[in-house]
Amino acid sequence: MVQAIVGANWGDEGKGKITDMLAQCSDIVIRFQGGANAGHTIINEYGKFALHLLPSGVFSSRTVNVIGPGVALDIEELLEELETLKSRNVPEPQILISDRAQVMMRYHVLFDVLEEKRLGKNSFGSTKSGIAPFYGDKYMKIGLQVNHLFDKAVLRSRLERAAEIKNAMLVHLYQESPLDIDALTETYFALGQRIRSMVCDTAVYLHKALKENKIILLEGQLGTLRDPDHGIFPFTTSSSPLAGYGTVGAGLPPTAFERIIAVTKAYSSCVGAGPFVTELFGDEAEELRRRGGDAGEYGAKTGRPRRVGWFDAVATRYGCLMQGATECVMTNLDVLGYLDEIKVCTGYEVDGRVLKDFPVTRLVEKARPVYVSLPGWKEDIRGISSYAALPENCRRYIDFIEKEIDCPISMISNGPKREEIIQRPLS
Ligand code: GDP
């Protein structure tokens, strides 16, 4: 049985915590898209970790962690994260890497940096992890698959092919030096050897696991609004964070997906550029940012302050819809306990009309939020473990949002730790 944990918004919804929690009872956890450009914050018995590339099942020794072919595999980042786990006494995790996954090259990171610099004030706010140049090369068919690293002649010829285009850009567009093919061949051959024991045909492994009725969990990175097709283009990422893409990026049959869990925060947060209709500014934003997450709303990858705002039911309803969510988890509800009243955006006013369906970017840019105000609960809800024990206004907030987003809220997270979760009885 396959279940997916995915983001309903801009990312950073708290998927890492939910995956870490559900990984305890899963046989396999899979990353199927993205790369080391986002971070999952996990707090468990080993301490606090920010994972960028490793699947969040690495803390459970019974779980096999798979990096699927849809992932941008940054080998150096992977090795570094494994080293961190070891140095902090986490038992060695079981990792399998698809032999078809493509490799994030150092020059992808360089291109990302150079392009953001070239764009200047029009930059996208990239995390500069090389993601857009990586996926660009993949679809231009000049990327390198992991298996290419194991044969020096193949590796060199793939690099030469890529360099024909890359060097023209490096030299003429960015006024930089061309790629050093000899050095790259040696570096990536050596890196390939370091991960070789983890590399296999993960699709075959997963299909066998399905036949054996293993519990398989897919872990999405970022969220619906960053999807290249359905998100706020061009303020999107370069691979699809939708559960539907899991079939491709992991190599699983679409019919195997039974449970799709969309994660959303009890308020909104967003890293990077692009329209954000419910964004707060000034003192109001500063206070929410300071209180949010486990140590304030600052990016797990970049440390950048996250933009924060009221809960956006228009964006989240769309977020759950596009994910095909069968249920929703609301995280960070404890953060809102200081507010007298809490606003929820239930519509977008665009050119005098109120929209309920999340529109194209051109219109999102013009949208003004239509809010409903709900009374706060003015109470610290951390430590509460049953739904019935939550303050009434808190339950009202959840009920209201559930109706607006049209997706059952099955769990509430009321703190960053693994055990801080409340099951919500579904009617
Ligand atoms: P991900 O990328 O979706 O895994 O999300 P991140 O880990 O980047 O961001 C979520 C943030 O919220 C992290 O700082 C988590 O530690 C924190 N977090 C998750 N759930 C809760 C919660 O219920 N309450 C609080 N206060 N923090 C939470």
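Numbering (my numbering) for the sequence shown: 55 to 481.
The beta-carbon is built from N, C-alpha and C at its ideal position, and this holds for glycine as well.
Where in the stretch 62–94 do unbroken runs of the beta strand (DSSP E), each at least 3 residues long, occur, reported from the N-terminal end onward? If we require 3 residues or more, the beta strand (DSSP E) runs fully inside the stretch 62–94 come out as 82–85.
Return yes when the C-beta of His106 is under 6 Å from any heavy atom of the ligand GDP, and no when it is not. For the purposes of this step, residue 106 is taken as the residue at position 52 of the sequence shown. No; taking the cut-off as 6 Å, the Cβ of His106 has no heavy atom of the ligand GDP nearer than that.
Contact set for Lys220: own chain, Cβ-Cβ below 7 Å, skip 5 residues either direction: As a working note, residue 220 is residue 166 in the sequence shown. Counting only residues of its own chain and dropping the five nearest sequence neighbours on each side, Lys220 has a CB closer than 7 Å to the CB of Tyr161 and Leu233.
Please go through the same chain and pick out, in chain order, the residues whose beta-carbon is closer than 7 Å to the beta-carbon of Glu474, but skip the five residues on each side of it. Numbered from 1 along the sequence shown, position 420 holds the residue referred to as residue 474. Closer than 7 Å at the Cβ level, and outside the excluded window around Glu474, lie Arg436, Ser467 and Asn468.
Rounded to a whole number of angstroms, what is the C-alpha to C-alpha distance between Thr239 and Glu419? Mapped onto the sequence shown, residue 239 falls at position 185. Mapped onto the sequence shown, residue 419 falls at position 365. Annotation: Thr239 to Glu419 spans about 45 Å, alpha carbon to alpha carbon.
Short of 6 Å in beta carbon distance, which residues of its chain neighbour Glu351, apart from the five on each side in sequence? Order them along the chain. For the purposes of this step, residue 351 is taken as residue 297 along the sequence shown, with counting starting at 1. Taken in chain order, the residues that qualify are Ser323, Arg343, Arg360 and Val362.
Name the residue from His202, Thr356 and Met194 whose alpha carbon lies nearest to the alpha carbon of Gly93. Here residue 93 is taken as the residue at index 39 of the sequence shown, counted from 1. Residue Thr356 is the option with its Cα nearest to Gly93.
Pull the bridge partners of Ala58 from the DSSP assignment, please. One-based indexing of the sequence shown puts residue 58 at position 4. Beta bridge pairing from DSSP links Ala58 with Leu272 and Ile314.
Who are Tyr402's beta bridge partners in DSSP? Position 348 of the sequence shown holds residue 402. According to DSSP, which records beta bridges pairwise, Tyr402 is partnered with Leu409 and Pro423.
Considering only the beta carbon of each residue, do Gln87 and Gly303 sit closer than 7 Å? Your numbering for residue 87 matches position 33 in the sequence shown. Your numbering for residue 303 matches position 249 in the sequence shown. A contact, by the Cβ cut-off of 7 Å.
Counted within 10 angstroms of its Cβ, other Cβ atoms place Pro145 as buried (16 or more) or exposed: One-based indexing of the sequence shown puts residue 145 at position 91. Exposed, because fewer than 16 other Cβ atoms sit within 10 Å of the Cβ of Pro145.
I want to see whether chain B comes within less than 7 Å of Ile315, judged by CB atoms only; does it? Annotation note: the requested chain B is absent from the structure, which comprises a single protein chain.
Does the Cβ of His226 lie closer than 6 Å to at least one heavy atom of the ligand GDP? By 1-based counting over the sequence shown, the position of residue 226 is 172. No, Cβ of His226 sits at least 6 Å from all heavy atoms of the ligand GDP.
Which residue's Cα is closest to the Cα of Arg478: Ile463, Arg472, Pro470 and Lys471? What you label residue 478 is simply residue 424 of the sequence shown in a count that begins at 1. Ranking the options by Cα distance to Arg478, first place goes to Ile463.
CB Glu273 to CB Ile59, shorter than 7 Å? Translated into positions along the sequence shown, residue 273 becomes position 219. Translated into positions along the sequence shown, residue 59 becomes position 5. The answer is yes: Cβ separation under 7 Å.
Got a sec, what are the start and stop residues for the beta strand (DSSP E) Phe165 sits in? Within the sequence shown, residue 165 is the residue found at index 111, counting from 1. Note, Phe165: premise wrong, no beta strand (DSSP E); alpha helix (DSSP H) at Arg160 to Leu173.
Under DSSP, the beta strand (DSSP E) around Ile438 begins and ends at which residues? Along the sequence shown, read from residue 1 onward, the residue named residue 438 stands at position 384. Counted as a single uninterrupted DSSP element, the stretch harbouring Ile438 is not any beta strand (DSSP E), since DSSP gives it neither H nor E.
Quick check: is any heavy atom of the ligand GDP less than 6 Å from the C-beta of Asp74? Here the question's residue 74 lines up with position 20 in the sequence shown. Every heavy atom of the ligand GDP is 6 Å or more from the Cβ of Asp74, so no.
How far does the alpha helix (DSSP H) with Thr370 in it extend, from its first residue to its last? As a working note, residue 370 is residue 316 in the sequence shown. Per DSSP, Thr370 belongs to the alpha helix (DSSP H) from Ala367 to Gln377.
In three-state terms, what does DSSP make of Ser211? One-based indexing of the sequence shown puts residue 211 at position 157. Ser211 falls in the helix class under three-state DSSP.
The ligand GDP and Asn386: does any heavy atom of the ligand fall closer than 6 Å to the residue's C-beta? Here residue 386 is taken as the residue at index 332 of the sequence shown, counted from 1. Because some heavy atom of the ligand GDP lies under 6 Å away, the Cβ of Asn386 counts as near it: yes.
Applying the 10 Å Cβ sphere with the 16-neighbour rule, what's the burial state of Leu132? Walking along the sequence shown from the start, residue 132 turns up at place 78. Buried, because 16 or more other Cβ atoms sit within 10 Å of the Cβ of Leu132.
Just curious, the alpha helix (DSSP H) that Thr138 is in, first and last residue? To locate residue 138, count along the sequence shown from 1; it is residue 84. Counting along the chain, the alpha helix (DSSP H) containing Thr138 begins and ends at Ile129 to Ser141.
What whole-angstrom Cβ distance do Val157 and Gly184 have, given they're in contact under 8 Å? As a position in the sequence shown, residue 157 is number 103, starting the count at 1. As a position in the sequence shown, residue 184 is number 130, starting the count at 1. Gly184 and Val157 do not touch by the CB rule: their CB atoms are close to 10 Å apart, not below 8 Å.
I need the straight-line Cα distance from Gln148 to Arg215, nearest angstrom please. On the sequence shown, residue 148 is found 94 positions in, with the first residue counted as 1. On the sequence shown, residue 215 is found 161 positions in, with the first residue counted as 1. Cα to Cα, the separation comes out at about 34 Å.
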